[in-house]
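Sequence lines, in order, name chains X and W. Each number in this note's numbering comes from the position in the first sequence (counting from 1) with 204 added on. Each number in this note's numbering comes from the position in the second sequence (counting from 1) with 200 added on.
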Amino acid sequence: KNQVEQSPQSLIILEGKNCTLQCNYTVSPFSNLRWYKQDTGRGPVSLTIMTFSENTKSNGRYTATLDADTKQSSLHITASQLSDSASYICVVRSNYGQNFVFGPGTRLSVLP
Amino acid sequence: DGGITQSPKYLFRKEGQNVTLSCEQNLNHDAMYWYRQDPGQGLRLIYYSQIVNDFQKGDIAEGYSVSREKKESFPLTVTSAQKNPTAFYLCASSIGTSGSNEQFFGPGTRLTVL
């Protein structure tokens, strides 16, 4: 069964600190993996997309990694800001049909 | 100002009533999607449409219906047959259905059944 798991479920950090969010998936055949940021009560916004051949991709203070062999991805946030408080969702796309498999998200709270 | 809009932001419904959620996009995207989001769960696909006058069931289509009469619009009707309709509903669109195409999401509609 195609699944995406994320950890931790929630995370609290102080402003200025770094953090890493994890995503494990069993989706096959793999097409790509996206990380989205979702503010409370809003729609998700794409941060990065990773394809099979990519290991690392950065978008400002966000850096995503992908290990296609172990089917794991991580999202590293550097020098966190209060505006980083949101849910971060990992989405894996299968090559088969319209199969987007969404993870449950990690809820990040950045405190002053 | 391009984007995808949903209305209303909040919606309350009595049991046994049908209700329609609006989704409009001016991005000239061919594909549109409806998802349902529940606490602690990933988004689940209700319906999607790859082109005008065509749509396909997603993973949880029972109790829902859609139409795609115009490229810009993809309304979702939550019928009385949906047993647990209280949820956050998200509409999305993409240029096409290729794997690399990014989905752009609307701001969502929170439906509460009283």
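Built from N, CA and C at the ideal position, the CB exists for glycine as well.
The C-beta distance from Thr255 of chain X to Asn236 of chain X rounds to 5 Å, short enough to fall under 8 Å. Inclusion of Ile251 of chain W and Asp230 of chain W in the CB contact set at 8 Å is warranted, their separation being smaller than that value. Taking a cut-off of 8 Å for Cβ pairs, the region 237-247 of chain W and the region 303-313 of chain X touch, as three or more such pairs fall below it. By the C-beta density criterion, Ser298 of chain W is exposed, having fewer than 16 other C-beta atoms within 10 angstroms. Note that the C-beta distance between Gln242 of chain X and Ile281 of chain X is not below 8 Å.
Shown in chain order are the members of the region 294-314 of chain W whose Cβ falls below 7 Å from a Cβ of chain X: Thr297, Gly299, Ser300, Glu302, Phe305, Gly306, Pro307, Gly308. Contact check for Thr312 of chain W against Thr286 of chain W passes: the beta carbons are separated by less than 8 Å. Taking 9 Å as the upper bound on Cβ-Cβ separation, chain W lies near residues Ile253, Thr255 of the region 252-279 of chain X. Excluding sequence positions up to five before and after Tyr210 of chain W, its CB lies within less than 6 Å of the CB of Arg310, all in the same chain and listed in chain order.
Taken through DSSP and simplified to helix, strand or coil, Asp273 of chain X comes out as coil.
Beyond the five residues adjoining it in sequence on each side, Thr267 of chain X comes within less than 6 Å, by CB distance, of His280 in the same chain, given in chain order. With 16 or more neighbouring CB atoms inside 10 Å of its own CB, Tyr289 of chain W falls in the buried class. Secondary structure remark: continuous beta strand (DSSP E) runs of at least 3 residues inside the region 232-284 of chain X, in chain order: 234-242, 249-255, 260-263, 266-271, 276-281. Taking 8 Å as the threshold, the shortest C-beta distance from Pro308 of chain X to chain W falls below it.
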